[in-house]
Amino acid sequence: MKARWVGVTLVSAAVVACGQGRAIFNIDVYSFLKNTGADTVHYTAPPALTDSLSNTPISVRSLALPTSVVESVSVSGAADLLNNSGAGTITLEMFLAADSASTYTTVPAVTASGSAGPGPTPGTLTFNAPIVDSTTKALFAASTVWVGVRVRVQNSSASLLDGKMQLTALHATVVIQDKLF
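According to my numbering, the residues represented by the sequence shown are 11 to 191, in order.
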């Protein structure tokens with residue numbers, strides 16, 4: 011019991027001594043999406059067609075620090091393009107919102123493009139992007155953030171473009187101004 015109070019006292023003293031400090035949080039967003047179906051978007055597009063396909067938005071537990079100011083957010087990740095047929099360009103768009111209903115009404119927080127095909131040739135998308143919109147950054151101070159993934163498909167081949175985009179990693183690094191106490 012005495013050791014616990016000594017630890018609390020040391021942590022409190024360190025926070026007070028920091029003054030206007032910063033706290034950095036790394037959120038493994040992918041762990042919330044993995045194996046839910048929200049990590050995968052199937053695509054099918056006839057020749058010379060552009061189409062958009064979305065998954066159902068999913069809620070991700072966030073920081074729940076409403077009195078703190080979110081200074082910066084950066085999002086990084088990767089996705090596999092598991093193409094079955096055709097060739098084209100696949101663009102991943104990630105949306106962040108305060109609720110499920112408004113997820114796809116916002117501007118994409120992250121956009122990344124890659125090539126699919128030709129045929130069953132696998133591809134990979136990687137991205138690392140800062141979130142610049144202050145309203146979107148502020149979402150991370152709430153207890154939940156809604157995440158939606160849209161895939162834009164542009165078929166450049168003479169055959170059917172078919173496959174799926176599957177996220178393999180998605181991380182958010184959030185820096186807040188320390189107003190925890």
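Cβ atoms here follow ideal geometry from the backbone N, Cα and C, with glycine treated the same way.
Going by DSSP, Ser41 is part of the alpha helix (DSSP H) stretching over 40-43.
Going by C-alpha positions, Leu102 is about 32 angstroms away from Thr77. In this chain, the alpha helix (DSSP H) harbouring Thr146 covers 144-148.
Looking at the backbone, the Cα of Leu43 and that of Ala89 are separated by about 13 angstroms. Going by beta carbons, Tyr53 and Val157 fall outside the 8 angstroms limit. Asn36 counts as exposed, since fewer than 16 other beta carbons sit within 10 angstroms of its beta carbon. Of Val163, Ala148, Ala179, the smallest CA-CA separation from Val185 is found for Ala148. For Thr131, the three-state secondary structure derived from DSSP is coil. Tyr40 has its alpha-carbon roughly 6 angstroms from the corresponding atom of Ala179. Beta-bridge annotation (DSSP): Glu103 is paired with Thr121, Arg160. Within the DSSP bridge table, the entry for Pro140 names Ser84 as partners.
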